[in-house]
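Chains as they are written, first to last, in this note's numbering: chain A, 1 to 264; chain B, 1001 to 1347; chain C, 2001 to 2290. Glycine included, each C-beta is placed from N, C-alpha and C at the ideal position. What you are looking at is a predicted structure, and each value in this text was computed from that prediction instead of being measured.
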Amino acid sequence: MALGLTLTWLTLLILIPLSGLAWRSSELGLAKFLAIAFDPRTLSALRISFGAAFAAACINAAFGVVLAWVLVRYRFPGKRVIDAMVDLPFALPTAVAGIALATLYAPNGWIGQFLTPLGIKIAFTPLGIVIALVFVGLPFVVRTVQPVMEEIDKEVEEAAATLGATRLQTIFRVLLPGLAPPVLTGFALAFARGVGEYGSVIFIAGNLPFRSEIAPLLIVIKLEEFNYAAATAIAAVMLVLSFIMLLIINLIQSWSRGRYGYGA
Amino acid sequence: MEVRVQNLRKEFDRFPALHDVSLDIRSGELIALLGPSGSGKTTLLRLIAGLESPTEGLIYFGDEDASKKTVQQRNIGFVFQHYALFRHMTVLDNVSFGLNVRDGARRPPKAEIRRRALELLDLVQLSGLEKRYPAQLSGGQRQRVALARAMAVEPNVLLLDEHFGALDAQVRKDLRKWLREIHDRTGHTTVFVTHDQDEAMELADRVVVMSQGAIEQVGTPDEVYDNPNSPFVFGFVGQSNCLDVRVNGGEIWFEDRPLGLKVEIEADGDAQLYFRPHDIELRDGCGGCIAGLLTTSRRVAGTRHIEVDIGKGHPPIELELSPSQAGSLDRSRIAFRPKRWKLFRAG
Amino acid sequence: MALDTSLQPTKVRSAVTEHRFARWTLILASLIFLTLILLLPLAAVFVEAFRKGAGAFLEALQDEETFSAIRLTLIVAGVSVPLNLIFGVAAAWAIAKFEFKGKAFLTTLIDLPFSVSPVISGLVFVLLLGANTHLGHWLSAHDIKILFAVPGLILATMFVTFPFVARELIPLMQEQGTGDEEAALSLGASGWQTFWHVTLPNIKWGLLYGVLLCNARAMGEFGAVSVVSGHIRGQTNTMPLQVEILYNEYNFTGAFAVATLLALLALVTLILKTLLEMRYSEEIAASRRH
């Protein structure tokens, strides 16, 4: 009974809408589809979305490892609170994050006001998009790396030390390579999330076509113009790329499990 | 390289793990730290390694004070109980690790490192497996990789922490023999920690028996087995029986009669008599014997193990009889006397 | 060898920790990073809301449109979350307790809304139910409004928040296995009784956790809802959408006032989440090992 219920529900809620998307895309015909997909404005939006998401995911990968390290290995006042706060981007509505970040980094904003005299503009530039995506993707790397770090065997570090490795050598040659799978997974998750992000970006981005217009926004704009064909085409391209991301994550995990005996 | 430990004391959060331990380890010997858990043997090993620092005391490698050196500087080889192999590196990379992390001047060229690592893998009989990853090896193979890795740095001293602990009994026996061979070939000063007295007796040149943070006795396996200097050592290193006795005028009295055992220098008073199950002779009802009823009898390999109930609330005495002794057993009443024994003062 | 009078050796640093300087540098760097990225934006919300004083703040919340936005958010969440709860439990039940072909496919399907941009999630509903589709014609012929009306908002929210409950429960129920249920059935309990008295108590904390996350997302969803709502003021604007409208009109106090409510919701969610995690860490750790 439960199975029947589940299947009905899933079909109604997820399968039908998504296949509707696929169907509509195919309605377009290949030529028209490609024309829209390769339209300069589309390409630019895709480039900005994927580029900013990539940069943000890289930043999150680096700081995420540091954060996870600090949370797992050190003790300091307020650690419990900080650990809980890492999940804030999961809990905070994207629109709220969006207006807050816009206010902070606008030319006369809390932080922006110090950067404008230095000639650094964050709001209304791709840089602002990157910062918004760093916010959104922060928990992903930290939360995938933390459990793996907690399981690191102290004996392995001691072994490296007995063999003459300095602390730095131990960290870079022994510990970090072991963390590569979860970092990669977290990176891919943050990247996938960043590509599709909308609410936290549109306030800080400025949304100028060819400069700071992200792909999801382009979809919304096309929808408002009732240009369903274009919206569908762009969405389809994004979906295909997201699917590839998921596939890569799974491949990394099964490869590392086979070789090293453990995955992320 | 000889290792000397002087008045070593170690406390963990007020808990005393080692009290005033001093020990001289000769260069090239294979020495065992033997004791039950909590005896401080692993702590002592880790202090020598530099993985812990002593609360008080000194450690010398040769003539140098090693106490102030970090673990990296001491140039030791440590094999952990669960091997602690680097999972993301091949066997070859694991073994070469110690040489690869050396800085500039002391580091051999790549080809040389590779040669040495392969040589060591050959020594531990793992040639051909250098491209495998630890996840693909059996327990015994991992143990040998760990050993090869530790030996690669030409350590001053090799330290092994219950390193056979995680293996099956049969594998363990094979590896014991093999470890002795490796030691004889390479000549490293080796200290290993174990709670298994068979292992210690079989492998070691000398045995250090430890209990509750202190050294009870140091000696060759023969010395420690035949001449234990305390009840603890007597009981730990082999099987033993214990009787409360009294010394009276140079004779040992058990309950109400003398046993026919003479002591020379002991003063009168209460004492405890320790003897091993196989160090007895059977008697035909004598005046000075220990006697009792045969309760159980079973065959174990080439000997017969029996239990004798000597009454009056004493725990049963365990005896081991050779085939000829066992042959003369035809009654349920057993009388015997220890051939070799040791007397310890009570308390 | 004469005894060294200073028998106290110098303390040598443990092999597995960094120099104290390095440690505190890393801690400091992390704290600065977190402050810049997380804490400042959060603080900005509260500060900007009260910039013109508490009076203006309260006034903004009592604005009619804002008020109906709050009400709408509560309605949408109030419908989506319970429904997703029921179907999430059903899905997890089916996957964890039964063997059937296509299980992996089902699990991937459940995860799908997570990996799809919220805008695309909203888009699929527009494509399906829009005025120029078959379905859309049929609906307007019968005067049923889904898109650009409350039902559309609920549908889009459900799509986006469906995975939360299921994802928490599937690994949990898989780890718990079918032993308990089989025992109950063998003792004569009906399927429903088994579920209510045996399965449900076993999963209650994972369920609470999933519902908590589901609710936070349901109330805060922006992208998907934005696409299907039509932005009809006073009628199809949830709180996040209202924030956008107020902000774009430069009504910063209003926008941040509503944002404050949402931020408070987020903080309460975090606190409850942490409490749940602390008390039932084993059970939830099983579901975290995804």
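* Asked: Ala2092/C and Thr103/A: beta carbons closer than 8 Å?
  -> no
* Asked: Which residue's Cα is closest to the Cα of Gly1269/B: Glu1216/B, Leu1343/B and Arg1206/B?
  -> Leu1343/B
* Which listed residue (Val1124/B, Ala1291/B, Phe1015/B and Leu1243/B) has its alpha carbon closest to that of Ala1271/B -> Leu1243/B
* To do: Would you tell me roughly how many angstroms separate the C-alpha atoms of Ile1317/B and Asp1161/B, rounded to the nearest one?
  => 35 Å
* Asked: Going by the beta-carbon positions, is the gap between Leu2153/C and Val2211/C smaller than 8 Å?
  -> no
* Asked: If you check the beta carbons only, do Thr94/A and Gly164/A fall under 8 Å apart?
  -> no
* **CB-CB length for Ile99/A against Ala2259/C, believed under 8 Å** => 6 Å
* To do: Quick one: list the residues of chain C neighbouring Ala235/A, beta-carbon separation under 7 Å, in chain order.
  => Ile2120 and Leu2123
* To do: Measure from the alpha carbon of Phe2125/C to the alpha carbon of each residue in Leu241/A, Ser242/A and Thr232/A, then state which is nearest.
  => Thr232/A
* Asked: Using the C-alpha atoms, what's the distance from Val240/A back to His2290/C?
  -> Summary for His2290/C: the model assigns pLDDT 37, below 50, so the residue's position carries little reliability, and this model does not support an answer.
* Per-residue contacts from Phe1086/B into chain A (C-beta, under 9 Å) -> Val156, Ala159, Ala160, Arg173, Val174, Pro177 and Gly178
* **Gly2122/C and Gly2230/C closer than 8 Å at C-beta** => no
* To do: Output the distance between the C-alpha atoms of Pro216/A and Lys121/A, rounded to the nearest integer angstrom.
  => 23 Å
* Asked: In chain order, what residues of the stretch 1051 to 1083 of chain B put their CB closer than 9 Å to some CB of chain A?
  -> Leu1051, Thr1070, Val1071, Gln1072, Gln1073, Arg1074, Asn1075, Ile1076, Gly1077, Phe1078, Val1079, Phe1080, Gln1081, His1082 and Tyr1083
* Asked: Among Val2198/C, Thr2236/C, Ser2117/C and Asn2237/C, which residue has its Cα nearest to the Cα of Arg193/A?
  -> Ser2117/C
* Asked: Hey, Val1224/B and Val1233/B: beta-carbon distance below 8 Å or not?
  -> yes
* **When Gly1213/B, Pro1231/B and Glu1119/B are compared against Ile1182/B, the one with the closest alpha-carbon** => Glu1119/B
* **Member of Leu2085/C, Leu2275/C, Thr2274/C and Phe2252/C whose CA lies at the smallest distance from the CA of Arg2051/C** => Phe2252/C
* Asked: Which value, in whole angstroms, describes the spacing of the CA atoms of Tyr105/A and Phe38/A?
  -> 33 Å
* Asked: Is there contact here, the stretch 2076 to 2092 of chain C with the stretch 2165 to 2173 of chain C, by at least three beta-carbon pairs under 8 Å?
  -> yes
* **DSSP three-state assignment for Gln1212/B, whether helix, strand or coil** => coil
* Asked: To the nearest angstrom, how far is it from the Cα of Ile1290/B to the Cα of Thr1303/B?
  -> 21 Å
* To do: Grab the span of the alpha helix (DSSP H) containing Ile1025/B for me, first residue to last.
  => Per DSSP, Ile1025/B belongs to no alpha helix (DSSP H); it is in the beta strand (DSSP E), Phe1015 to Ile1025.
* Interface flag, Ile120/A vs chain C, CB-CB below 8 Å -> By this cut-off, Ile120/A is not an interface position.
* How would you call Thr2322/C, buried or exposed, if buried means at least 16 neighbouring beta carbons within 10 angstroms? -> In this structure chain C extends from 2001 to 2290, so residue 2322/C is not present and cannot be described.
* To do: Kindly provide the ranges of any alpha helix (DSSP H) runs that are 4 or more residues long and lie completely inside the stretch 181 to 226 of chain A, ordered along the chain.
  => 202 to 205 and 215 to 224
* Say whether the stretch 1038 to 1050 of chain B touches the stretch 1209 to 1216 of chain B, bearing in mind that this needs 3 or more beta-carbon pairs closer than 8 Å, one atom from each stretch. => Touching, yes, given that three or more Cβ pairs across the two stretches are closer than 8 Å.
* To do: Give a yes or no on whether the C-beta atoms belonging to Leu1203/B and Leu1030/B are separated by under 8 Å.
  => yes
* To do: Identify the continuous beta strand (DSSP E) that holds Tyr1225/B and give its terminal residues.
  => Per DSSP, Tyr1225/B belongs to no beta strand (DSSP E); it is in the alpha helix (DSSP H), Pro1221 to Asp1226.
* What residue range is occupied by the uninterrupted beta strand (DSSP E) comprising Val1157/B? -> Val1157 to Asp1161
* Asked: Out of Ser256/A, Gly258/A, Ile234/A and Val134/A, which has the shortest C-alpha to C-alpha gap to Leu46/A?
  -> The option with the nearest alpha carbon to Leu46/A is Ile234/A.
* Asked: Is the shortest distance between the beta-carbon of Arg259/A and the beta-carbons of chain B less than 8 Å?
  -> Taking Cβ atoms only, chain B reaches closer than 8 Å to Arg259/A, which makes this a yes.
* Output the boundary residues of the beta strand (DSSP E) element that contains His1305/B. => Thr1303 to Asp1309
* With contact counted as at least three CB pairs below 8 Å, one residue from each stretch, are the stretch 2233 to 2249 of chain C and the stretch 2061 to 2069 of chain C in contact? -> yes
* Asked: In chain A, which residues lie with their C-beta within 8 Å of the C-beta of Ala2266/C?
  -> Leu88, Ala91, Leu92, Pro93 and Val96
* **Sub-8 Å separation of Gly1062/B and Met1001/B beta-carbons** => yes
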